[in-house]
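Residue numbers (this note's numbering): -14 to 698.
See below for the structure under consideration.
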């Protein structure tokens, strides 16, 4: 069988990998150019390229080339070409023209001129013309416009080879099958001895299906019922049938061998439906396990070597770029915690997103998925332990001013005591000092390896200049005793907030730090707001509720940054609803959810005045958490909120939404608060304040009060 030249097209960036693949199929590589590999091969090998290539988008048979780029010259040359040797009059045809990068050309007009030339040739030769079908043509002619030349080819594939024939349902912005196969190949699949493959955000199942086809030695073209060469006059059915039967036999042999475990998960049930249908259509259901599961609940597999591969719902494809980077952070952290020493291949639309994975020494490649630029990071995952309390080291030979000796000694004592408790309870964020000494009227909170120092506003009787000097001295001692550089110490002044001051930024750095609390990862802003985004005193109640919400509906009122909702979701809550007036804080909450690998399918964020929303709500909940401000005033509210005045109405409205056997937790930081139980005799109140005060707030047990509230039987 004689050799001919063929052009095998592919997506940008896959040329070298495609050259390797076509060589294994039997073709001889002649040259590579952007998005294409030129090969010499006989007809049988050309058929095999269409049938077996997992990376090629199309296979072209060049017909003729002209050294011109004008439509008129193309028409003249094409009209003389013997088109009856390519297809017969009873076949439909279509023409598609493309121009290489940098070439300015009217591709539609060029395609039209070639179509006219073909029609005029047939009319001149036979007196009849073939029909054009732009939707489902028998024959497809391809025009490539380059600087000073035009190449006309027969499209042997007919339609793009990424259309394998198994896709029954399409998810959001699906990954092309050819690109999925390329990423798997680059990760070493299936030749490395992987015992398992996991796609934690599998969508419609493209990676899983392609991986199974590759391991099962299933030709990706076996499920197609159409190729462009089937209507070609040069087609040899017997040769094609031989190729087809060879592929069927290879599939039969491979399906009987021992398979690795293939797992696919997604938080979206609709995505899993699509994956199920596609995998069934490919005949691979018995090799792939699917399940609805949040990324947060991804479980490690008991194998030493596996491949973690996924195409997360990155922001640019789904319009959620604000939270996408935190989803990648979650994926990277969970991979390092649960899949250490596995191989990974992760896609992203932005380099910042793959950087957020936190993988070290992994290779990054830029590719194209349709019209989108994408980045793929792949290599080995390095295992990391969970965060532990940071051990501070005092500056050697530190010079503590005599007037601050007492303060320094108190800090040393508190550090030693709280660190032991923190290690015992696996706490990395806690309060280490809270105005223990009246002359040093500050609060010091530890967030990992950072300090958040708040100066309580001094009484009006204290000279401001003297107070400033004292605070400067305190900061000097703090930096020495904790052994921290200035960039690790964040300073605030705490004073009563009025009106819009509650939500105003103090700075504009927009830098978020990430910390661990229980099973949750939470975002802090240590610079821009008076509060950091995490109320440390409520840590015990958040952890308590997380143990009680499995399978239940959870309502979080005055949700702030939704930290309690995150804990509830991680605790297995069926649904969470977070209500807060501030969109800023709710968006912060969404980022907290993404940071923990929790999708928003079962979790709602409602920007509303809580009192108004409660009046309108008709839903029911099993657990309700209420942590209102002492006072709040905003243009978005119908009225000023005052906890002492309004708590009866607030609790009355909230308890109306509680299921009969449900529990409500009500907390306030207002030290002069008096609960009006008489006005709410249909409710049962149990004060649980002592058990909601953590080890770090025992010195200041009045930090908050908390009640467990239920409906009276």
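Every residue gets a Cβ at the ideal spot worked out from N, C-alpha and C, and that includes glycine.
The model shown is predicted, which means the values in this text are computed figures rather than measured ones.
Smallest Cα separation from residue i: which of the options?
i: residue 640; options: 606, 671 and 631; result: 606
i: residue 522; options: 572, 441, 685 and 597; result: 685
i: residue 289; options: 230, 586, 179 and 649; result: 179
i: residue 429; options: 423, 421, 438 and 422; result: 438
i: residue 258; options: 208, 190, 242 and 236; result: 190
i: residue 571; options: 547, 614 and 586; result: 547
i: residue 136; options: 612, 113 and 83; result: 83
i: residue 451; options: 424, 477 and 476; result: 424
i: residue 426; options: -3, 412 and 456; result: 456
i: residue 214; options: 32, 643, 634 and 500; result: 32
i: residue 236; options: 10, 198 and 247; result: 198
i: residue 164; options: 39, 205, 30 and 63; result: 39
If contacts are defined as beta-carbon pairs under 8 angstroms, then residue i and residue j qualify, I think. What distance do you get, rounded to the angstrom?
i: residue 250; j: residue 185; result: 5 angstroms
i: residue 574; j: residue 544; result: 6 angstroms
i: residue 329; j: residue 320; result: 6 angstroms
i: residue 49; j: residue 126; result: 11 angstroms between Cβ atoms; not a contact.
i: residue 54; j: residue 134; result: 7 angstroms
i: residue 115; j: residue 128; result: About 17 angstroms separates the two Cβ atoms, so there is no contact after all.
Compute the minimum distance between the beta carbon of residue i and the heavy atoms of the ligand HEM, and state whether it is under 7 angstroms.
i: residue 419; result: Annotation note on the ligand HEM: not contained in the displayed structure, which lists no ligands.
Helix or strand or just coil, what does DSSP make of residue i?
i: residue 681; result: helix
i: residue 591; result: strand
i: residue 694; result: strand
i: residue 354; result: strand
i: residue 574; result: helix
i: residue 79; result: strand
i: residue 650; result: strand
i: residue 259; result: helix
i: residue 61; result: helix
i: residue 74; result: coil
i: residue 205; result: coil
i: residue 414; result: strand
i: residue 302; result: The predicted model places residue 302 with a pLDDT of 44, which falls under 50 and marks its position as unreliable, so this point remains unresolved.
i: residue 584; result: coil
i: residue 246; result: strand
i: residue 785; result: This structure gives no information on residue 785, because the portion of the chain shown stretches from -14 to 698.
i: residue 617; result: strand
i: residue 673; result: coil
i: residue 220; result: coil
i: residue 487; result: Unreliable placement is indicated for residue 487, whose pLDDT of 46 sits below 50; the coordinate value is still reported in the next sentence. DSSP places residue 487 in helix when its eight states are reduced to three.
i: residue 212; result: coil
i: residue 634; result: helix
i: residue 706; result: Absent from the model: residue 706. The displayed extent of the chain is -14 to 698, so no value can be given.
i: residue 181; result: strand
i: residue 317; result: helix
i: residue 338; result: helix
i: residue 645; result: strand
i: residue 127; result: strand
i: residue 99; result: helix
i: residue 236; result: helix
i: residue 610; result: strand
Based on DSSP bridge pairs, tell me the residues matched to residue i.
i: residue 467; result: None; residue 467 has no bridge partner.
i: residue 328; result: 292 and 365
i: residue 706; result: Outside the displayed span of the chain (-14 to 698) sits residue 706, for which this structure offers no information.
i: residue 348; result: 363
i: residue 756; result: The requested residue 756 does not occur in the structure, where the chain is confined to residues -14 to 698.
i: residue 50; result: 136
i: residue 343; result: None, per the DSSP bridge assignment.
i: residue 435; result: 432
i: residue 13; result: 25
i: residue 661; result: Residue 661 pairs with nothing; no bridge assigned.
i: residue 274; result: 248
i: residue 84; result: 130
i: residue 626; result: 617
| task | Determine, using beta-carbon pairs with one atom in the stretch 664 to 671 and one in the stretch 576 to 594, whether at least three such pairs fall under 8 angstroms. | result | no
| said: Tell me whether the stretch 259 to 274 and the stretch 144 to 153 touch, counting them as touching only if at least three CB pairs, one residue from each stretch, are closer than 8 angstroms. | reply: yes
| Within the chosen definition, does the stretch 460 to 477 reach the stretch 370 to 384 through at least 3 CB pairs nearer than 8 angstroms? | yes
| query | Would you say the stretch 675 to 693 touches the stretch 647 to 655, given that touching needs at least three Cβ pairs under 8 angstroms? | reply | yes
| query | Using 8 angstroms as the threshold, is the stretch 160 to 178 in touch with the stretch 275 to 282, meaning 3 or more CB pairs across them? | reply | no
| Sufficient close CB pairs (3 or more, under 8 angstroms) joining the stretch 214 to 223 to the stretch 188 to 203 | no
| message | For the pair the stretch 346 to 354 and the stretch 383 to 399, tell me if three or more CB-CB distances fall below 8 angstroms. | response | no
| query | Given 8 angstroms as the limit, is there contact between the stretch 325 to 340 and the stretch 225 to 233, that is, 3 or more CB pairs closer than that? | reply | no
| Using 8 angstroms as the threshold, is the stretch 22 to 36 in touch with the stretch 95 to 114, meaning 3 or more CB pairs across them? | no
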